[in-house]
Amino acid sequence: QAMPEGGGLSSRAAAEESGWVVIEVRDTGIGMTEEHSRLIANRALEQAPTGRGGRGLAEVAEIIERHGGNMSIESEPGRGTVVRLRLHASRFQIIPPAEGVVEPVHPEQASRILLVDDDPRLLTVLSDTLQACGHAVTTAAKGEEALQIFDPARHDVVITDLGMPRMNGWEVAERVKAISPETPVFLLTGWGESVAAHEGSQFVDRVVAKPVSAEALMEQLAELRRSRTPAP
Numbered sequence: 002q003a004m005p006e007g008g009g010l011s012s013r014a015a016a017e018e019s020g021w022v023v024i025e026v027r028d029t030g031i032g033m034t035e036e037h038s039r040l041i042a043n044r045a046l047e048q049a050p051t052g053r054g055g056r057g058l059a060e061v062a063e064i065i066e067r068h069g070g071n072m073s074i075e076s077e078p079g080r081g082t083v084v085r086l087r088l089h090a091s092r093f094q095i096i097p098p099a100e101g102v103v104e105p106v107h108p109e110q111a112s113r114i115l116l117v118d119d120d121p122r123l124l125t126v127l128s129d130t131l132q133a134c135g136h137a138v139t140t141a142a143k144g145e146e147a148l149q150i151f152d153p154a155r156h157d158v159v160i161t162d163l164g165m166p167r168m169n170g171w172e173v174a175e176r177v178k179a180i181s182p183e184t185p186v187f188l189l190t191g192w193g194e195s196v197a198a199h200e201g202s203q204f205v206d207r208v209v210a211k212p213v214s215a216e217a218l219m220e221q222l223a224e225l226r227r228s229r230t231p232a233p
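Counting from 1, position 44 in the sequence shown corresponds to residue 45 in the numbering used here; the numbering is continuous, with no gaps.
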């Protein structure tokens with residue numbers, strides 16, 4: 002449909018240092034207007050002129066977003082189209098350390114962490130990563146369970162996923178702060194810093210974007226420990 006008279010179709014993929022993979026598909030077909038590209042990205046093709054296609058791309062955009070990625074389109078009538086897809090490189094949404102190993106922290110610098118996530122794979126991998134770095138981890142598979150076991154005397158920080166059924170990360174953070182206002186709460190989210198405008202952000206100390214960088218998370222925990230250590 003994009004190349005009714007034939008043409009060239011190419012694809013390539015590359016990894017980014019940020020922990021994402023970019024997949025690019027390029028054709029030399031009829032192209033499309035900027036407005037039509039926008040309608041495809043917004044899945045609003047009922048507003049578009051008939052016969053221009055794009056419903057398949059709209060479905061691709063929806064699938065990619067459900068997997069935490071995004072799609073962009075570059076096109077011009079008569080000059081072909083380039084579609085770029087960005088997806089998490091790790092199916093467990095954890096970016097391993099650049100050197101493969103993170104040095105364990107000194108026991109006195111270790112944190113006691115309550116980790117909350119309804120994805121058992123991410124919960125296991127992130128828990129194993131934190132423990133391998135010397136931290137003590139208690140896990141909970143849902144918000145209600147986390148609140149039942151949360152104890153400010155036993156947990157230095159709460160790390161919770163945002164998107165969970167019944168009780169999401171905002172609610173977990175608010176309930177934790179109601180019990181212990183001084184306990185830091187980290188929020189894990191695939192939406193990045195765009196969640197900062199949410200009214201629940203007042204209960205969150207740090208936003209950790211997915212895919213989670215092991216090195217970055219360890220550094221944030223170290224910064225947290227330094228900020229809470231009294232100056233000599």
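Just so it is clear, CB atoms sit at the ideal spot from N, CA and C, and this is done for glycine as well.
Under 8 angstroms between C-beta atoms of residue i and residue j
i	j	result
residue 112	residue 157	yes
residue 59	residue 31	no
Spatially closest choice to residue i from the options, by CA coordinates
i	options	result
residue 36	76, 214, 176	76
residue 29	6, 60, 14	6
residue 153	146, 136, 184, 165	184
residue 146	169, 137, 130, 42	169
residue 79	66, 94, 228, 34	34
Residue i Cβ short of 7 angstroms to the ligand GDP heavy atom set
i	result
residue 9	This structure simply doesn't include the ligand GDP, nor any ligand for that matter.
Straight-line gap, residue i to residue j (C-alpha atoms, nearest Å)
i	j	result
residue 204	residue 117	16 angstroms
residue 190	residue 121	16 angstroms
residue 223	residue 110	8 angstroms
residue 142	residue 62	30 angstroms
residue 219	residue 134	8 angstroms
residue 172	residue 114	18 angstroms
residue 86	residue 180	42 angstroms
residue 81	residue 186	47 angstroms
Sequence-distant residues of the same chain with beta carbon closer than 6 angstroms to residue i, five excluded per side
i	result
residue 140	116, 124, 128
residue 74	38, 84
Secondary structure of residue i, DSSP reduced to three states
i	result
residue 163	coil
residue 151	coil
residue 126	helix
residue 89	strand
residue 38	helix
Cβ-based neighbour list, residue i, same chain, cut-off 7 angstroms, excluding 5 preceding and 5 following
i	result
residue 51	Because residue 51 sits at a pLDDT of 47, beneath the cut-off of 50, its placement in the model cannot be relied upon, and the following sentence gives the value as read from the coordinates. If we look at residue 51 and ignore the five residues flanking it on each side, it has no Cβ neighbours.
Own chain partners of residue i with C-beta closer than 8 angstroms, once the 5 adjacent residues on each side are dropped
i	result
residue 107	135
residue 132	138
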